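One structure is given below, encoded as structure tokens.
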Amino acid sequence: MAEDVPRRQSTLDEVAELAGVSRSVASRVLNNAPHVSPAKREAVERAVHRLGYVPNPTARALATRQTGAAALVVSGEDPSIFADPFFAQVIVGASAALEDADLHLMLCLAASDRGRRRVEQLLRSKGADGVMLMALREDDPLARMAQEAEMPVVFGGRPVGLDPRWYVDVDNVGGARAATERLISLGRTRVATICGRLDTEVGRARHRGYRDAMLAAGLEPCPPQAGDFTESSGAEGMAALLERHPDLDGVFAASDNMGVGALRTLRGAGRRVPEDVAVIGFDDLAVARIADPPLTTVHQPIEGLGREMARMLVALLNGQAPTPLILPTRLVVRASA
Numbered sequence: 017m018a019e020d021v022p023r024r025q026s027t028l029d030e031v032a033e034l035a036g037v038s039r040s041v042a043s044r045v046l047n048n049a050p051h052v053s054p055a056k057r058e059a060v061e062r063a064v065h066r067l068g069y070v071p072n073p074t075a076r077a078l079a080t081r082q083t084g085a086a087a088l089v090v091s092g093e094d095p096s097i098f099a100d101p102f103f104a105q106v107i108v109g110a111s112a113a114l115e116d117a118d119l120h121l122m123l124c125l126a127a128s129d130r131g132r133r134r135v136e137q138l139l140r141s142k143g144a145d146g147v148m149l150m151a152l153r154e155d156d157p158l159a160r161m162a163q164e165a166e167m168p169v170v171f172g173g174r175p176v177g178l179d180p181r182w183y184v185d186v187d188n189v190g191g192a193r194a195a196t197e198r199l200i201s202l203g204r205t206r207v208a209t210i211c212g213r214l215d216t217e218v219g220r221a222r223h224r225g226y227r228d229a230m231l232a233a234g235l236e237p238c239p240p241q242a243g244d245f246t247e248s249s250g251a252e253g254m255a256a257l258l259e260r261h262p263d264l265d266g267v268f269a270a271s272d273n274m275g276v277g278a279l280r281t282l283r284g285a286g287r288r289v290p291e292d293v294a295v296i297g298f299d300d301l302a303v304a305r306i307a308d309p310p311l312t313t314v315h316q317p318i319e320g321l322g323r324e325m326a327r328m329l330v331a332l333l334n335g336q337a338p339t340p341l342i343l344p345t346r347l348v349v350r351a352s353a
């Protein structure tokens with residue numbers, strides 16, 4: 017008579033697959049964690065019974081520390097930043113991905129010393145299962161806090177001077193290069209840029225893409241006119257550029273908001289777009305489509321940025337080892353260039 021072969025122990029992944037839920041949801045059900053819908057809880061319990069699954073005691077101990085929430089932390093000075101169309105789309109993407117994992121989204125703004133202290137307390141007290149951190153500036157204290165945190169932290173965009181293990185970014189250099197190359201291909205030779213904050217990696221990367229394209233074409237880059245990604249800074253930056261370079265014939269603005277501000281200043285100065293000055297933005301926000309004229313821009317997958325940050329965080333919570341991700345950009349041609 018043949019020896020009985022021991023039955024292989026079922027895995028949590030198999031329970032999740034049979035129940036039709038994510039691994040994190042299955043884990044939360046097994047550990048009686050909150051914020052799981054009755055239907056998903058019942059599906060997991062049926063799968064456990066059918067497979068004869070027995071939880072690993074170590075995994076159970078880890079899972080019971082979960083809070084059922086993930087935090088999106090933005091470093092900024094303006095409390096209205098979450099109303100910005102860019103961050104609104106990030107929130108939509110992150111929220112959708114976290115909902116699939118039955119995790120709630122917490123929004124935190126580190127807009128002051130008090131706000132940063134609250135975030136530091138969140139990181140130290142493990143008031144969330146994990147954190148997504150965005151809009152860091154050079155020497156931002158939040159970067160140090162994140163490095164010291166005993167919880168998963170995913171960066172939205174690479175911070176200046178750091179090489180984090182987990183981040184999601186977009187191809188800022190390639191997108192800015194493509195925008196500038198478009199202006200040059202239209203015969204524009206006196207091309208300036210309104211760049212973002214140069215104490216952020218996104219501001220530096222988009223300026224680098226502009227500079228690379230200009231030098232590759234044998235043209236002299238203009239010194240950067242720094243803005244802060246707002247429409248008002250685009251309008252002010254455009255006025256400063258016209259004063260310094262009255263003969264300019266092309267402008268790359270490192271955000272659509274700044275591009276729309278530049279259009280407003282050019283219109284007020286009697287400059288025709290694109291006949292006198294061609295303008296290209298970056299982001300592909302709704303404001304670019306309704307601008308006068310409609311703004312040629314670099315599309316970046318903003319909802320995708322939020323979604324992939326949340327997916328990376330969920331993967332870390334599930335014990336996986338994700339790698340950094342760079343999302344592609346593409347040029348969207350409209351009337352302004």
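Per this note's numbering, residue 17 is the first one in the sequence shown, and the count goes up by one each step. Just so you know, even glycine gets a beta-carbon here, dropped at the ideal spot from N, CA and C. Remember, it's a predicted structure, so these values are computed and weren't measured experimentally.
Query	Result
Extent of the continuous alpha helix (DSSP H) to which I107 belongs	101-116
Short Cβ contact (8 Å threshold) for A144 with T83	yes
Where T312 sits in the DSSP three-state scheme	strand
Span separating the alpha-carbon of T74 from that of G322	Note on T74: pLDDT 45, under 50, position unreliable in the model; the coordinate value appears next. Rounded to whole angstroms, T74 to G322 spans 31 Å at the Cα level.
CB contact flag (V293, G253, <8 Å)	no
Cβ distance (whole Å) where A194 is taken to contact L332 below 8 Å	Not quite, the Cβ-Cβ distance comes to about 32 Å (not below 8 Å), so this is no contact.
Separation of L67 from I318, as counted between CA atoms	40 Å
G225 and G191 closer than 8 Å at C-beta	yes
6 Å CB neighbourhood of A151 in its chain, flanking five on each side removed	V90, S91, G92
Rounded straight-line distance, which links the Cα of E58 to that of I342	38 Å
Close beta carbons around E236, own chain, < 8 Å, minus the five adjacent residues each side	M230
Counted within 10 angstroms of its Cβ, other Cβ atoms place S249 as buried (16 or more) or exposed	buried
Rounded separation between V276 and L178 - CA only	32 Å
Three-state secondary structure (DSSP) of T216	coil
Length of the line joining the Cα atoms of R76 and S43	Any answer about R76 is weak, because its pLDDT of 48 lies below 50 and its placement is not dependable; what the coordinates show is given next. The straight-line gap from Cα to Cα measures roughly 8 Å.
Within the region 291-340, ranges of the alpha helix (DSSP H) (whole runs, at least 4 residues)	302-306, 318-333
Rounded distance between the beta-carbons of A113 and A5, thought under 8 Å	Here the chain has residues from 17 to 353 only, and residue 5 is not among them.
Span of the beta strand (DSSP E) around S91	85-91
Where A269 sits in the DSSP three-state scheme	strand
Beta strand (DSSP E) segment containing H120, residue limits	120-126
Assigned secondary structure, D29 (DSSP; H/G/I helix, E/B strand, else coil)	helix
For M148, the three-state DSSP class (helix, strand or coil)	strand
Runs of beta strand (DSSP E) lying entirely within the region 165-227, each at least 3 residues, in chain order	169-172, 183-186, 207-211
Coil, strand or helix - A353 by DSSP	coil
Contact check, A208 vs C238, beta carbons under 8 Å	yes
Buried/exposed call for S53, threshold 16 Cβ in 10 Å	exposed
Same chain only: Cβ atoms within 7 Å of A233, ignoring 5 sequence neighbours per side	I200
Proximal residues to L214 (C-beta, below 8 Å), its chain only, five neighbours per side dropped	R220, H223, P240, A242
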